[in-house]
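Reading through the structure tokens given below for one structure.
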Amino acid sequence: MSCIVQHLALRSPCSITSSFASSILRPVNKRLLSTSLRSWSNKVSSQDATSATRSPRLAVLFQAIDPPVINGVRKPRKPGGYQDSGADLAFVLQSQTSVDVITPTVHPDPGKDGDWCFPDNEDGILDALRKGATHLWANTILFASHPLQTSSRLNEYQKDIHVIGQPPLLVEKFDDKEYTNNLLRKSALFTMPRGWTVNLGTDPRPFLLEQDLPFPIVGKPIRGRGSQGVKVCYSFDELYDHLRALSQDSSIVMLEEYLSGEEATVTVMPPSEEYPNYWAMPIVTRFNHEGGIAPYNGVVAVTANSRVLTPEEVEKDDRFEKASKECVEVATLLQITAPIRIDIRRFSKDPDSHFALFDINMKPNMTGPGRPGRDDQSSLTALAASALGWNYANLLEHVLETACSLQKLRAVRPKMS
Numbered sequence: 300m301s302c303i304v305q306h307l308a309l310r311s312p313c314s315i316t317s318s319f320a321s322s323i324l325r326p327v328n329k330r331l332l333s334t335s336l337r338s339w340s341n342k343v344s345s346q347d348a349t350s351a352t353r354s355p356r357l358a359v360l361f362q363a364i365d366p367p368v369i370n371g372v373r374k375p376r377k378p379g380g381y382q383d384s385g386a387d388l389a390f391v392l393q394s395q396t397s398v399d400v401i402t403p404t405v406h407p408d409p410g411k412d413g414d415w416c417f418p419d420n421e422d423g424i425l426d427a428l429r430k431g432a433t434h435l436w437a438n439t440i441l442f443a444s445h446p447l448q449t450s451s452r453l454n455e456y457q458k459d460i461h462v463i464g465q466p467p468l469l470v471e472k473f474d475d476k477e478y479t480n481n482l483l484r485k486s487a488l489f490t491m492p493r494g495w496t497v498n499l500g501t502d503p504r505p506f507l508l509e510q511d512l513p514f515p516i517v518g519k520p521i522r523g524r525g526s527q528g529v530k531v532c533y534s535f536d537e538l539y540d541h542l543r544a545l546s547q548d549s550s551i552v553m554l555e556e557y558l559s560g561e562e563a564t565v566t567v568m569p570p571s572e573e574y575p576n577y578w579a580m581p582i583v584t585r586f587n588h589e590g591g592i593a594p595y596n597g598v599v600a601v602t603a604n605s606r607v608l609t610p611e612e613v614e615k616d617d618r619f620e621k622a623s624k625e626c627v628e629v630a631t632l633l634q635i636t637a638p639i640r641i642d643i644r645r646f647s648k649d650p651d652s653h654f655a656l657f658d659i660n661m662k663p664n665m666t667g668p669g670r671p672g673r674d675d676q677s678s679l680t681a682l683a684a685s686a687l688g689w690n691y692a693n694l695l696e697h698v699l700e701t702a703c704s705l706q707k708l709r710a711v712r713p714k715m716s
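The end of the sequence shown is residue 716 by my numbering, with every number in the run present.
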């Protein structure tokens, strides 16, 4: 029997040193990670609850700092700075779990995003710590000069405070899709589409004409957010016009071989006390594309164009297992310390076509239901979690278990080749 929930006997660079074992429902049997697709349908049992030795006091950070320009490219800031998903997860953890959520206001309003999250600038982080937070959920875009990495005022806290998020030095390097994809292409482990880098500092026409590009082709930003700026171009003129539009925000863009077949996505979880190895969640397939691209979930809800594959569907095609294993290998290579989501797509519409990995998302969306008026909200990772028998609160608790000390997070260095 094929196995799609995959793990490797390798530990994260952030070994789990948290002083608590969060009071979560233990998920499915650990054989889930290596032996059987059938365990997807196992339900969480309340009798398996783990006793907490110390309940975390969690503060959620939102994006208040504009990312810097890196190699001539600035990652666009999300309007609201992820306060919506930050409020979702803070509200649900406070109302449905034993986690003590620290908020900027004494009586946060479930309808006001800003009542639940602290700004990710130095003053905001210190405010959360002085209010008693032991854990920081970095629901924001990180980079090498971010206060979590560089602030000397946080030094006195760095051994004791725990962070849910990626190492800032890793994010700055691997948010560069060109760098990350080229890193993966150097390895024989990964199936990747062909790619080209275009410098828009000069007229790109001569370069484009030299490449004998395959059309249709995808043009997209080096440091994009969601599907913003991603377009399938069917002719040279259409591509040239798209690159001119992208040049308003970036001096470097990337082109990628268009993958026309079935699209899916795989969330990979980092090691935790419960699961000591990297492992892949069930695969979510995607449909109802617009212009050949899956639309941004802020425009079209993921529940309208995505669903979890059944074990029977996966068993019929071992290409799913192969792609899932590759995603776990990516997480291992990049040394992730928080969930990542990797988008995959078949090269062609032929059902026998293999999957290629085409987008590594270092900060997958964590939106979910719970707050009044947001019961229709979900995320691709939450959909995958539902196949494990986890509700949104269970998912958040398991992500919380992956937290590691700020000191260790600061020490992680990216792979350079």
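Note that beta-carbon positions come from the ideal geometry of N, C-alpha and C, so glycine has one too.
This structure is a prediction, so every number in the text was calculated from the model and none was measured.
Legend entry - Beta-carbon gap between VAL552 and ILE641 smaller than 9 Å: As a working mapping, residue 552 is identified with position 253 in the sequence shown. As a working mapping, residue 641 is identified with position 342 in the sequence shown. Not closer than 9 Å, so no.
Inset, instruction - Please name the residue or residues paired with VAL531 in a DSSP beta bridge. - result: Along the sequence shown, read from residue 1 onward, the residue named residue 531 stands at position 232. As DSSP reads the structure, VAL531 sits in a beta bridge with VAL517.
Inset, instruction - Can you tell me which of the three DSSP states ASP252 falls into? - result: As shown, the chain starts at 300 and ends at 716. That puts residue 252 outside it, with no answer to give.
Legend entry - Collapsed DSSP secondary structure at LEU705 in the structure displayed: Residue mapping note: residue 705 aligns to position 406 of the sequence shown, counting from 1. If DSSP states are grouped into helix, strand and coil, LEU705 belongs with the helices.
Legend entry - CA-to-CA distance, PHE657 to HIS588, given in whole angstroms: Counting from one through the sequence shown, the residue named residue 588 turns up at place 289. Counting from one through the sequence shown, the residue named residue 657 turns up at place 358. When rounded, the distance between both Cα atoms is 16 Å.
Inset, instruction - Evaluate PHE586 with the Cβ neighbour count: other Cβ atoms within 10 Å of its Cβ, from every protein chain shown; 16 or more gives buried, anything less gives exposed. - result: Residue 586 sits at position 287 when you count from the first residue of the sequence shown. That one is exposed.
Legend entry - Where the beta strand (DSSP E) containing SER623 begins and where it ends: For the purposes of this step, residue 623 is identified with residue 324 of the sequence shown, where counting begins at 1. Per DSSP, SER623 lies in no beta strand (DSSP E) segment; the continuous alpha helix (DSSP H) that holds it begins and ends at 617-633.
Legend entry - DSSP state of ARG543 mapped onto helix, strand, coil: To locate residue 543, count along the sequence shown from 1; it is residue 244. Taken through DSSP and simplified to helix, strand or coil, ARG543 comes out as helix.
Legend entry - Three-way DSSP call (helix, strand, coil) for PHE646 in this model: To locate residue 646, count along the sequence shown from 1; it is residue 347. In this structure, PHE646 counts as coil in the three-state DSSP scheme.
Inset, instruction - Check the C-beta distance from ALA358 over to LEU441 and give it rounded, since I have them as a contact under 8 Å. - result: As a position in the sequence shown, residue 358 is number 59, starting the count at 1. As a position in the sequence shown, residue 441 is number 142, starting the count at 1. Their Cβ separation, rounded to whole angstroms, is 16 Å, which puts ALA358 and LEU441 out of contact at 8 Å.
Legend entry - Simplified DSSP assignment, three categories, for ASN664: The residue given as residue 664 occupies position 365 in the sequence shown. Coil.
Legend entry - Inter-residue CB distance, VAL400 and LEU392 (contact presumed, cutoff 8 Å): The residue given as residue 400 occupies position 101 in the sequence shown. The residue given as residue 392 occupies position 93 in the sequence shown. By a beta-carbon distance limit of 8 Å, VAL400 contacts LEU392. Their separation comes to about 5 Å.
Legend entry - Coarse secondary structure for ASP658, derived from DSSP in three states: Against the sequence shown, residue 658 aligns to sequence position 359. In the three-state DSSP reduction, ASP658 falls in the strand class (E or B).
Legend entry - Exposed unless 16 or more other CB atoms sit within 10 angstroms - verdict on MET661: As a position in the sequence shown, residue 661 is number 362, starting the count at 1. Residue environment analysis places MET661 among the buried positions, since at least 16 neighbouring C-beta atoms fall within 10 angstroms of its C-beta.
Legend entry - Same chain, Cβ closer than 6 Å to MET715, neighbours up to 5 away in sequence not counted: Here the question's residue 715 lines up with position 416 in the sequence shown. Same-chain partners within the cutoff: there are none.
Legend entry - Test item: CB-CB of LEU632 and LEU388 under 9 Å: Residue mapping note: residue 632 aligns to position 333 of the sequence shown, counting from 1. Residue mapping note: residue 388 aligns to position 89 of the sequence shown, counting from 1. The Cβ-Cβ distance between LEU632 and LEU388 does not fall below 9 Å.
Inset, instruction - Provide the residue span of the alpha helix (DSSP H) that contains TYR293, from first to last. - result: No information on residue 293 is available, as it lies outside the stretch 300 to 716 that the chain covers here.
Legend entry - Residue interval of the alpha helix (DSSP H) (run including PRO503): Residue mapping note: residue 503 aligns to position 204 of the sequence shown, counting from 1. Note, PRO503: premise wrong, no alpha helix (DSSP H); not H, not E.
Legend entry - Supposed close pair LEU468, PRO581 - CB separation, criterion 8 Å: Position 169 of the sequence shown, counted from the start, is the residue given in the question as residue 468. Position 282 of the sequence shown, counted from the start, is the residue given in the question as residue 581. Not really, about 31 Å apart at Cβ, beyond 8 Å.
Inset, instruction - Let me know the secondary structure DSSP gives TYR577 once reduced to three states. - result: Counting from 1 along the sequence shown, the entry for residue 577 is found at position 278. Collapsing the DSSP output to three states places TYR577 in a strand.
Inset, instruction - For the alpha helix (DSSP H) containing ARG484, list its first residue and its last residue. - result: For the purposes of this step, residue 484 is taken as residue 185 along the sequence shown, with counting starting at 1. Boundaries of the alpha helix (DSSP H) around ARG484: 476-484.
Legend entry - alpha helix (DSSP H) segments (min. 4 residues) lying fully within the stretch 372-457: Whole alpha helix (DSSP H) segments, 4+ residues: 382-395, 421-429, 446-449.
Inset, instruction - Could you tell me how far apart the beta carbons of GLY518 and LEU542 are, in whole angstroms, since I believe they sit closer than 8 Å? - result: As a position in the sequence shown, residue 518 is number 219, starting the count at 1. As a position in the sequence shown, residue 542 is number 243, starting the count at 1. Rounded to whole angstroms, the Cβ separation of GLY518 and LEU542 is 6 Å, and the two are in contact under 8 Å.
Inset, instruction - For LEU698, count neighbouring Cβ atoms within 10 angstroms of its own Cβ and tell me buried if that reaches 16, exposed if not. - result: Translated into positions along the sequence shown, residue 698 becomes position 399. According to the sequence displayed, residue 698 carries Val and not Leu. Buried.
Inset, instruction - Verify whether the separation of the beta carbon atoms of VAL601 and LEU679 is less than 9 Å. - result: To locate residue 601, count along the sequence shown from 1; it is residue 302. To locate residue 679, count along the sequence shown from 1; it is residue 380. Between VAL601 and LEU679, the C-beta gap is smaller than 9 Å, which places the two residues in contact.
Inset, instruction - Report yes if the C-beta distance between VAL629 and VAL607 is below 9 Å; otherwise report no. - result: As a first step, residue 629 must be located in the sequence shown, where it is residue number 330. As a first step, residue 607 must be located in the sequence shown, where it is residue number 308. The beta carbons of VAL629 and VAL607 sit no closer together than 9 Å.
Inset, instruction - Report yes if the C-beta distance between LEU545 and ILE516 is below 9 Å; otherwise report no. - result: Reading the sequence shown from its first residue, position 246 is the one you call residue 545. Reading the sequence shown from its first residue, position 217 is the one you call residue 516. No, these two residues do not count as a Cβ contact at 9 Å.
Inset, instruction - Grab me the residues of ASP426's own chain with a C-beta within less than 8 Å of its C-beta, minus the 5 sequence neighbours each way, in chain order. - result: Position 127 of the sequence shown, counted from the start, is the residue given in the question as residue 426. Closer than 8 Å at Cβ, skipping near neighbours: PRO403, PHE417.
Legend entry - Neighbour-count burial assignment, GLN547, 16 or more Cβ in a 10 Å radius: Numbered from its first residue, the sequence shown carries residue 547 at position 248. An exposed status is given to GLN547, since fewer than 16 other beta-carbon atoms sit within 10 Å of its beta-carbon.
Legend entry - 9 Å Cβ cutoff met for ASN664 and ASN596: As a working note, residue 664 is residue 365 in the sequence shown. As a working note, residue 596 is residue 297 in the sequence shown. ASN596 sits close to ASN664, with the two beta carbons spaced by under 9 Å.
Inset, instruction - For VAL583, name the three-state secondary structure that DSSP assigns. - result: The sequence position of residue 583 within the sequence shown is 284, counting from 1. In the structure shown, VAL583 sits in a strand (DSSP, three-state: E or B).
Legend entry - Supposed contact pair GLY560 and PHE646 - C-beta distance, whole angstroms, cut 8 Å: For the purposes of this step, residue 646 is taken as the residue at position 347 of the sequence shown. For the purposes of this step, residue 560 is taken as the residue at position 261 of the sequence shown. The pair is a contact, with the Cβ atoms about 6 Å apart (cut-off 8 Å).
Legend entry - Neighbourhood of TRP339 by C-beta distance below 7 Å, restricted to the same chain and skipping five residues each side: As a position in the sequence shown, residue 339 is number 40, starting the count at 1. Its pLDDT being 35, under 50, TRP339 is placed unreliably in this model, and the coordinates cannot settle the point.
Inset, instruction - Report the rounded CA-to-CA distance for LEU705 versus CYS313, giving the unit in angstroms. - result: Stepping through the sequence shown from its first residue, residue 705 is reached at position 406. Stepping through the sequence shown from its first residue, residue 313 is reached at position 14. Spanning the two alpha carbons is a distance of roughly 10 Å.
Inset, instruction - Note down, in chain order, each residue of its chain lying with its Cβ closer than 7 Å to the Cβ of VAL531, except the 5 sequence neighbours on either side. - result: Counting from one through the sequence shown, the residue named residue 531 turns up at place 232. Hits under 7 Å: PRO515, VAL517, TYR557, GLY590, GLY591, ILE592.
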